[in-house]
Amino acid sequence: MELTTNIPNLESMSECSIKPYDSIYLGMPYCWEYEGNLISGGDDLISAVEVLHSMGKKAYITTFAVPRNRDLDRVFRTVDVAAEICDGIEASNLGVIRYITKEYPDVSVIAGGLTNVYTASTAELLYSIGVSRIVPSYELSIEDIEKIKETGVEVEVVVHGKVPVGIGHECFLRKFSSAVGKDCPKICREEMFFRSEDLVLKPFGHATLSGKDVCMYEHIDKLRFADAFRIEAVTERIGYRERVGRIYRDLLERGFSRSDFEELRSISENGFANGYYFNRAGQIYIPG
Amino acid sequence: MKFVGLKGYSRYSDRKALTLDEVNSLENIAVVLNRVRDGKELVKTCRKIRHEHVILNELYAISDASKFKKVTVSVGMSTMNNLDLWFYEELGAHAAVIPPELNDEVGGFESRSLKIEAFGRAFVEMFYKGRCQLSAYASGKSVKRDGICSMECARTWEVFYSGRKIAEVNFRPELKVYDVEADYIKHEIRQIEGEGVIEDGADNKHSKS
Chain L
127 MELTTNIPNL ESMSECSIKP YDSIYLGMPY CWEYEGNLIS GGDDLISAVE VLHSMGKKAY
187 ITTFAVPRNR DLDRVFRTVD VAAEICDGIE ASNLGVIRYI TKEYPDVSVI AGGLTNVYTA
247 STAELLYSIG VSRIVPSYEL SIEDIEKIKE TGVEVEVVVH GKVPVGIGHE CFLRKFSSAV
307 GKDCPKICRE EMFFRSEDLV LKPFGHATLS GKDVCMYEHI DKLRFADAFR IEAVTERIGY
367 RERVGRIYRD LLERGFSRSD FEELRSISEN GFANGYYFNR AGQIYIPG
Chain E
20 MKFVGLKGYS RYSDRKALTL DEVNSLENIA VVLNRVRDGK ELVKTCRKIR HEHVILNELY
80 AISDASKFKK VTVSVGMSTM NNLDLWFYEE LGAHAAVIPP ELNDEVGGFE SRSLKIEAFG
140 RAFVEMFYKG RCQLSAYASG KSVKRDGICS MECARTWEVF YSGRKIAEVN FRPELKVYDV
200 EADYIKHEIR QIEGEGVIED GADNKHSKS
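Protein chains in written order, with this note's numbering: chain L, 127 to 414; chain E, 20 to 228.
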């Protein structure tokens, strides 16, 4: 089982935070302007890949999730570099996916969770054009994901972290620049949450994430058919990636630990959810 | 051209959608199957529709149904750029609907044969159409799969930054009218009952619309 996570910039890339993982997705897919974003150009991306390879880790490179025409030149530049140096490219835009599979047929292409792969038939089509791995839509149940896996494509599922509940044309944090006294890119250095009764959301760049952490620690055996487990940590504070990664590495190698589970609880500022794995509202948590 | 929702397949609930028999008894319409279901099932259903033109929201169905129908790629597929257009063109689609947020960029869209459909009147929502899972997250009702939106966006949200409440906000869909040029102009009215009211959200206790 491959354990993966995501890292937005070099600053977040300590050796400790990488150690528990087999592979790392590099770059922040929700915002170009994020400070030090590895997919926004510059030599940092090459350095990051070199660091990962020197540690024996796989380096995947992500791409901006909702590219308009004006973004394509930057996407092409990222893909051109990525194709030379990395072990796979993640994209969530169908056009970009098709571009990579055509222009770089030897590169592994991962359809990200925002690609909206809901059905085995869509997975089958993407697999037939060269997509090697799919992160199914976050809205799918375990049974639906199993059907996607049956098509032969590799499947990666989020086992822990905040998942996107939507993505749009604007960054909601920027709406509050004057109230906060900070502007882009400093405003996302600290966390913003939207709260309404039982619901909590975390706006971040063009995406809005679940405020709760999806946690499948207690249910991990139900997902063992997948090829990779992802810890979503691209918007998280320092320490989160390392602690959560270490706990899931131990789970895979040594089995369930009550104290580790309690530690996960203490890390999560808004509690747990199971996402949509059990065909329920995404924000509900069903204990194991 | 009027787009008519097929019961069981339409994204904005079944309340205003028509049965297959009703759809097949009408003239000069396109049939909307923009709820995400298994692509092979969608193609089978398309075969039962006597009209030439359908609107679809699932990649396999878009590709396969294009062999025998005129297929418009639903706005739910979130066509964002020329690469998307070229992919849909490669799959044989007839047209693609562009999200209203991209209306000022329609002139920059280039395709060889694919027609561009833009909104002349549309609700601009919290997220791109087809990219919102908030309803499923909050209530388990999926817009994309069940065709039901519980309009959680219209709640009043308290905004916290670094643990401190700084504001309140809501993301109620906003009806906008555009002066836009494209091959087709779409006027979104299906989900409107009264002006500014989306039918599925009208009864939501959090909705003030």
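Note that beta-carbon positions come from the ideal geometry of N, C-alpha and C, so glycine has one too.
As the structure is a prediction and not an experimental result, all values here were calculated from the model.
Nearest neighbour of L/F320 by Cα position, chosen from E/V92, E/L102, E/K184, turns out to be E/K184.
Under the Cβ criterion of 8 Å, E/C151 is counted among the residues facing chain L. Using a Cβ-Cβ cut-off of 8 Å, L/I293 is close to F146, Y147, R150 of chain E, given in chain order. Among the residues of chain L, those whose CB is under 7 Å from the CB of E/Y156 are V291, S336, A407, G408, Q409, following chain order.
Contact annotation: in the stretch 161-194 of chain L, residues whose CB is within less than 7 Å of a CB in chain E are V192, P193, R194.
Bounds of the beta strand (DSSP E) holding L/D339 are 339-341. In the DSSP assignment, L/N132 falls within the beta strand (DSSP E) that extends over 128-133. Rounded to the nearest whole angstrom, the CA to CA distance from L/A407 to E/K160 is 7 Å. Counting the other CB atoms within 10 Å of its CB gives L/P413 a total below 16, which places it among the exposed residues. Using a CB distance below 7 Å, the part of the stretch 191-218 of chain L facing chain E consists of V192, P193, R194, N195, L198, ordered along the chain. Residues of chain L with a Cβ closer than 9 Å to the Cβ of E/K21 do not exist, since the nearest Cβ in that chain sits about 27 Å away. Just so you know, the alpha carbons of L/P311 and L/K288 end up roughly 21 Å apart.
Per DSSP, the unbroken alpha helix (DSSP H) holding L/S173 starts and ends at 170-180. Check the Cα spacing between E/M96 and each of E/V50, E/L78, E/Y28: the tightest is with E/L78.
Listed along chain L, the residues sitting closer than 7 Å to E/K59 by beta-carbon distance are S247. Identification of residues in the stretch 356-369 of chain L having a C-beta nearer than 8 Å to some C-beta of chain E yields an empty set. Contacts with chain E (Cβ-Cβ distance below 7 Å) from the stretch 218-238 of chain L involve N219, L220, G221, V222, R224, Y225, listed in chain order.
Membership of L/V201 in the alpha helix (DSSP H) is indicated by the continuous run 198-211. In this structure the stretch 341-357 of chain L does not touch the stretch 20-36 of chain E; the number of beta carbon pairs closer than 8 Å is below three. Considering only E/R131, E/E193, E/N47, the residue with the shortest C-alpha distance to E/K148 is E/E193. Cβ-Cβ distances below 6 Å link L/A249 to V243, I260, I274, T277, V279 in the same chain, with the five nearest sequence neighbours on each side left out; the list follows chain order.
Per DSSP, the continuous beta strand (DSSP E) segment holding L/S322 begins and ends at 318-322. Between E/Y180 and L/V291, the C-beta spacing is not below 8 Å. The beta carbons of L/E388 and L/I373 sit no closer together than 8 Å. Interface annotation, L/L251: in contact with chain E, CB-CB separation under 8 Å. Taking the C-beta atoms as reference points, E/L75 is found no nearer than 8 Å to E/Y107. Using a Cβ-Cβ cut-off of 7 Å, L/S385 is close to nothing in chain E; its nearest Cβ partner there is about 27 Å away. Using a 10 angstroms sphere on the CB of E/L52, the tally of other CB atoms reaches 16 or more, which defines it as buried. Residues of chain L whose Cβ lies closer than 8 Å to the Cβ of E/D103 are, in chain order, N219, L220, G221. In the three-state DSSP reduction, E/P119 falls in the helix class (H, G or I). Nearest C-alpha to L/E229 among L/G239, L/I215, L/C314, L/I268: L/I215. With 16 or more other Cβ atoms inside 10 Å of its own Cβ, L/Y403 counts as buried.
Within the stretch 74-114 of chain E, the complete alpha helix (DSSP H) runs of at least 4 residues fall at 78-84, 101-109. Its chain contains I313 as the residues whose beta carbon lies nearer than 7 Å to that of L/V306, once the 5 sequence neighbours on both sides are disregarded; these appear in chain order. When the five nearest sequence neighbours on each side are left out, the beta carbons in the same chain lying within less than 6 Å of the beta carbon of E/G58 are those of E77, Y79, A80, in order along the chain. In the displayed model, E/E187 falls within a strand according to three-state DSSP.
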